[in-house]
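> Residue numbers (this note's numbering), protein chains in the order written: chain A, -2 to 457; chain B, 0 to 168.
1) Of all the CB atoms in chain B, is at least one closer than 8 Å to the CB of residue 449(A)?
2) Between residue 95(A) and the rest of its own chain, which residues show a CB-CB distance below 6 Å, the 5 nearest in sequence each way excluded?
3) Anything in the region 261 to 276 of chain A with a Cβ closer than 8 Å to a Cβ of chain B? List those residues in chain order, please.
4) Can you tell me whether residue 79(A) is helix, strand or coil according to DSSP?
5) Just how far apart, CA to CA, sit residue 50(A) and residue 368(A)?
6) Excluding the 5 residues flanking residue 140(B) on each side, which residues of the same chain have their C-beta closer than 7 Å to its C-beta?
7) Where does residue 182(A) land, buried or exposed, given buried means 16+ other C-beta within 10 angstroms?
8) Report yes or no: do three or more beta-carbon pairs, one from the region 271 to 287 of chain A and one from the region 244 to 253 of chain A, lie closer than 8 Å?
9) Can you name the residues of chain B whose CB is closer than 9 Å to the CB of residue 414(A)?
10) Runs of 4 residues minimum, wholly inside the region 46 to 134 of chain B: which ones carry the alpha helix (DSSP H) assignment?
11) What runs of the alpha helix (DSSP H), each 4 residues or longer, lie entirely inside the region 193 to 233 of chain A?
12) Measuring only between beta-carbons, confirm whether residue 406(A) sits less than 8 Å from chain B.
13) State the Cα-Cα distance for the pair residue 204(A) and residue 75(B), rounded to the nearest angstrom.
14) Cβ of residue 315(A) within 8 Å of Cβ of residue 286(A)?
15) Output the distance between the C-alpha atoms of residue 43(B) and residue 91(B), rounded to the nearest integer angstrom.
16) Where does residue 48(B) land, buried or exposed, given buried means 16+ other C-beta within 10 angstroms?
17) Distance check for residue 442(A) and residue 125(A), CA to CA, integer angstroms please.
18) From residue 347(A) to residue 237(A), what distance separates their C-alpha atoms?
19) What alpha helix (DSSP H) runs, 4 residues minimum, are completely inside the region 99 to 138 of chain A?
20) If the cut is a Cβ gap below 7 Å, which residues of chain A does residue 146(B) touch?
21) Just how far apart, CA to CA, sit residue 77(A) and residue 32(A)?
22) For residue 421(A), decide whether its Cβ has a neighbour in chain B, counting only Cβ atoms nearer than 8 Å.
23) Could you tell me whether the region 80 to 99 of chain B touches the region 129 to 143 of chain B, using the rule of 3 or more Cβ pairs below 8 Å?
24) Tell me where the beta strand (DSSP E) around residue 31(A) begins and ends.
25) By the 9 Å beta-carbon criterion, what residues does the region 51 to 72 of chain B contribute toward chain A?
26) How many Å lie between residue 161(A) and residue 59(A) at the Cα?
27) On the three-pair Cβ rule with 8 Å, is the region 225 to 233 of chain A touching the region 180 to 198 of chain A?
28) Residue 104(B): buried (16+ other C-beta within 10 angstroms of its C-beta) or exposed?
29) Going by other Cβ atoms of all chains shown within 10 Å of its Cβ, with 16 needed for buried, is residue 59(B) buried or exposed?
30) Per DSSP, residue 43(B) forms a beta bridge with which residues?
31) Considering only the beta carbon of each residue, do residue 383(A) and residue 402(A) sit closer than 8 Å?
32) Please give me, in chain order, every unbroken run of the beta strand (DSSP E) with length at least 3 that falls completely inside the region 331 to 378 of chain A.
33) Could you check if residue 176(A) is buried or exposed, using at least 16 other CB atoms within 10 Å of its CB as the buried criterion?
34) Should the region 134 to 145 of chain A be called in touch with the region 153 to 160 of chain A, which here means at least 3 C-beta pairs below 8 Å?
35) I'd like to know whether the C-beta of residue 130(A) is nearer than 8 Å to at least one C-beta of chain B.
36) Residue 363(A) versus chain B: which residues are under 9 Å apart at the beta carbon?
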């Protein structure tokens, strides 16, 4: 076995700064995850040639060499093996991918059979694909999780990988296995091993409490970052997941703060008396865009994420706000009402070459550039639906039909869009996602009402 | 009992003086005997500069101006209201105030924050044109975050597209 070590930051919790009065306890996260190549020289082709929606995948419980207690599961690694397979099954099923069958209706393979399945056991179950995996407790208390994908018809292994994770990160191993299966069978980039920042909402419509919250892509490991003492809005994860930018009314005015997840401390994005809105990271994490109103007129600025002087990118008398970088960081799509109503515009990253791209007759708001670069998602602010178009404004397709849908955010692989939906009259809010075909629309589970989702990239 | 009420009045007066001195240090505080030596605790109405006092003086309806969808212009009705406000703030020249800009729910969140800021500033600029110093006026936008009318219909939205003046005391 060849070990590839992906070092990520071990973030240490630090005491709360006194001035951060709306912040809860810092969230400890960011343990190392080692990736292990389970073997080399795997077979190339997949036998299945039909619609991937019809592809049956059997995902029995992961085996263990020896059932030992682990902080990841009080009942031991045997029970954890069942949970791992359940998470993978849920990942695929909830996203409308394939036809997965989970561990609760399948026999459990033995540890010895993980690398050599008993084909006769699985052949009768009608699944085209078979997932096997194992979980093993290490002497250093971490866990090794292996993930294998087999083609039943060819009776051959398609892909295999393993990870060493801390017990607290066991779900990440399941998401990585789901990503491995998904990527191998579709040719698409992974997206499950990622997190979402959003705003948790409670209370009546005229007195809503809005808290900054984070969760895994499947809704697990939910944490509140702010206490709700003041309104928090529009968070965005930094690409390395070390920071969050968001709007807070903590000092009575809407201002953008950069919150350091490891230390639990936050700083103002700019030392100005003016209100600031709509923060965005550049894909490389080096820049932050924000919008600032001066004398009532809002323009877009950029500042180095390490601090320093801000640079103004727009200067029209209209509201210029938001902004989303192209994946290569060279261009920015943003929103402006300089024409008289909200429309989408593209400019170079230094503010030059500003030109309107939306001409459909509807208002175009909150544009977000796909991580693949080929699409821009936006809110149709006339009908309040989520739509996509090409970066030149062509081929507009409406994907949702809620009473009020807004604020699209892309999955790390650019195949799924999340947004939030507001109910008429009650004002109840919820997170939803839809794929690029406009199908597989579903509500995301959140403990309370939810808005302003922001989907981060694949975890480092 | 009476002693307690007198103490309370004295305390609140002292707080009000402190707040005034903080906001406008160039203003001389009123002579202390005005409040401290008040012989009886008979209610004398709301304190100058309190929201209650402002509402009583100008009338509730004149404290809020309303806007059309996506608009922020001050029309004839708005200017009449703002002139009434300006008279009050000219008379009580040590009263500072906030103009809160709001939008209806039928807009995207971030744009509505910018729109609320624009509306608050439109009202502010009009008051400044009437001679109220800009240094006395704070603006804040709440976008669509603080509706007063809770329905999802045109009548409710019209109530929520507003700039509301609130005294600071």
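A virtual CB, placed ideally from N, CA and C, is assigned to each residue, including glycine.
To lay it out plainly:
1) As a working note, residue 449(A) is residue 452 in the first chain. It does: the Cβ of residue 449(A) has a partner Cβ on chain B nearer than 8 Å.
2) By one-based count along the first chain, residue 95(A) stands at place 98. Hits under 6 Å: 52, 54, 89.
3) Residues passing the 8 Å Cβ filter: 272, 274, 275.
4) Residue numbering aside, residue 79(A) sits at position 82 when the first chain is read from its first letter. When DSSP states are grouped into helix, strand and coil, residue 79(A) belongs to the helix group.
5) For the purposes of this step, residue 50(A) is taken as the residue at position 53 of the first chain. For the purposes of this step, residue 368(A) is taken as the residue at position 371 of the first chain. It is roughly 24 Å from the alpha-carbon of residue 50(A) to the alpha-carbon of residue 368(A).
6) Against the second chain, residue 140(B) aligns to sequence position 141. Apart from the 5 residues on each side of it in sequence, residue 140(B) sits with its Cβ closer than 7 Å to the Cβ of 100, 112, 115, 116, 119 in its chain, given in chain order.
7) By 1-based counting over the first chain, the position of residue 182(A) is 185. Under this definition residue 182(A) is a buried residue.
8) They touch, by the three-pair rule.
9) What you label residue 414(A) is simply residue 417 of the first chain in a count that begins at 1. Simply none; closest approach about 15 Å.
10) Listed in chain order, they are 50 to 57, 75 to 90, 108 to 128.
11) List check, alpha helix (DSSP H) in window: nothing returned.
12) Locating residue 406(A) in the first chain gives position 409, counting from the first residue. Not one beta carbon of chain B lies nearer than 8 Å to the beta carbon of residue 406(A).
13) Within the first chain, residue 204(A) is the residue found at index 207, counting from 1. Within the second chain, residue 75(B) is the residue found at index 76, counting from 1. Distance from the CA of residue 204(A) to the CA of residue 75(B), rounded to the nearest whole angstrom, comes to 32 Å.
14) Looking up residue 315(A) in the first chain gives position 318. Looking up residue 286(A) in the first chain gives position 289. Remark: C-beta atoms of residue 315(A) and residue 286(A) do not approach each other more closely than 8 Å.
15) Position 44 of the second chain, counted from the start, is the residue given in the question as residue 43(B). Position 92 of the second chain, counted from the start, is the residue given in the question as residue 91(B). Distance between the alpha carbons of residue 43(B) and residue 91(B): 17 Å.
16) Walking along the second chain from the start, residue 48(B) turns up at place 49. Residue 48(B) comes out buried.
17) Along the first chain, one-based indexing puts residue 125(A) at 128. Along the first chain, one-based indexing puts residue 442(A) at 445. Each residue's alpha carbon lies about 30 Å from the other.
18) The residue labelled residue 347(A) in the question sits at position 350 within the first chain. The residue labelled residue 237(A) in the question sits at position 240 within the first chain. The alpha-carbon separation between residue 347(A) and residue 237(A) amounts to approximately 23 Å.
19) Entirely contained in the region 99 to 138 of chain A, the alpha helix (DSSP H) runs reaching 4 residues are, in chain order, 116 to 120.
20) Counting from one through the second chain, the residue named residue 146(B) turns up at place 147. At a beta-carbon threshold of 7 Å, the residues of chain A lying near residue 146(B) are 202, 203, ordered along the chain.
21) Stepping through the first chain from its first residue, residue 77(A) is reached at position 80. Stepping through the first chain from its first residue, residue 32(A) is reached at position 35. For residue 77(A) and residue 32(A), the distance between alpha carbons rounds to 19 Å.
22) The residue you call residue 421(A) lines up with position 424 of the first chain. Yes, residue 421(A) counts as interfacial toward chain B.
23) The region 80 to 99 of chain B vs the region 129 to 143 of chain B: in contact.
24) For the purposes of this step, residue 31(A) is taken as the residue at position 34 of the first chain. 30 to 34 is the extent of the beta strand (DSSP E) around residue 31(A).
25) Correct list: 69, 71.
26) Stepping through the first chain from its first residue, residue 161(A) is reached at position 164. Stepping through the first chain from its first residue, residue 59(A) is reached at position 62. Here the C-alpha atom of residue 161(A) lies approximately 15 Å from the C-alpha atom of residue 59(A).
27) Taking 8 Å as the limit for Cβ pairs, the verdict is that the region 180 to 198 of chain A does touch the region 225 to 233 of chain A.
28) Translated into the one-based positions of the second chain, residue 104(B) becomes position 105. Buried, by the Cβ-count rule.
29) In the second chain, residue 59(B) corresponds to position 60, counting from 1. Exposed is the call here.
30) Here the question's residue 43(B) lines up with position 44 in the second chain. None; residue 43(B) has no bridge partner.
31) As a first step, residue 383(A) is located in the first chain; it is residue number 386 there, counting from the start. As a first step, residue 402(A) is located in the first chain; it is residue number 405 there, counting from the start. Using a Cβ distance threshold of 8 Å, residue 383(A) and residue 402(A) count as a contacting pair.
32) If we require 3 residues or more, the beta strand (DSSP E) runs fully inside the region 331 to 378 of chain A come out as 340 to 345, 361 to 366, 373 to 377.
33) Within the first chain, residue 176(A) is the residue found at index 179, counting from 1. Taking a 10 Å sphere around the C-beta of residue 176(A), we find 16 or more other C-beta atoms and assign the residue as buried.
34) With contact defined as three or more Cβ pairs closer than 8 Å, the region 134 to 145 of chain A and the region 153 to 160 of chain A are in contact.
35) The residue labelled residue 130(A) in the question sits at position 133 within the first chain. No - not a single Cβ of chain B is within 8 Å of the one on residue 130(A).
36) The residue given as residue 363(A) occupies position 366 in the first chain. Within chain B, the residues whose beta carbon sits less than 9 Å from that of residue 363(A) are 107, 108, 109, 110, listed in sequence order.
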